[in-house]
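Q: Under my numbering, the letters of the sequence shown match residues 29 to 150, in that order.
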Amino acid sequence: MTDTTPELACPIAPVVDIVFSRWTTPILWALNEYGRQRFVELQRRITTITPKVLTQRLRQLERDGLVVRTYHAEVPPRVEYEISELGRSLGPLFASLARWSPNLEKVEAARHAYDAKGVTSR
């Protein structure tokens with residue numbers, strides 16, 4: 029047996045880890061679709077995310093170079109987030125996924141058919 033790193037077995041695995049982690053996709057989608065936004069605006073758009081998790085994900089996206097954080101030294105201070113050029117380069121990928129999304133009905137139908145068979149794990 030040959031040792032193979034996950035990256036060699038599936039070269040897109042690292043991309044999937046970065047782009048499709050739990051909250052990354054909705055954040056990037058919102059910034060790509062609606063442009064620069066403040067924290068509270070993102071929180072309103074993604075209603076099920078907690079402030080703590082949104083903060084963590086935005087920091088990670090900034091670290092990954094997918095989001096740009098701009099601090100405005102005013103009273104009160106203002107922070108805005110926008111998708112970076114690197115993040116914007118994911119646009120065609122998101123567009124492809126959006127075009128594929130009508131297939132979700134087929135996925136749901138397949139799940140119902142599978143569940144109706146009563147298949148159990150051994």
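We put the CB at the ideal spot given by N, CA and C, even for glycine.
(1) Does DSSP classify E108 as helix, strand or coil?
(2) Indicate the three-state DSSP secondary structure (helix, strand or coil) for R139 in the structure shown.
(3) Count the other CB atoms, across all protein chains shown, that sit within 10 Å of the CB of T78; report buried if there are 16 or more and exposed otherwise.
(4) Is the Cβ-Cβ distance between L56 and L94 less than 9 Å?
(5) Counting only the same chain and skipping the five closest in sequence on each side, list residues whose C-beta sits under 7 Å from that of L118.
A: To lay it out plainly:
(1) In the structure shown, E108 sits in a strand (DSSP, three-state: E or B).
(2) In this structure, R139 counts as helix in the three-state DSSP scheme.
(3) The residue in question, T78, is exposed, as its Cβ has fewer than 16 Cβ neighbours within 10 Å.
(4) Yes, they are a contact pair.
(5) Leaving aside the five residues that flank L118 on each side, the residues in its chain whose CB is nearer than 7 Å to its CB run, in chain order, V47 and L56.
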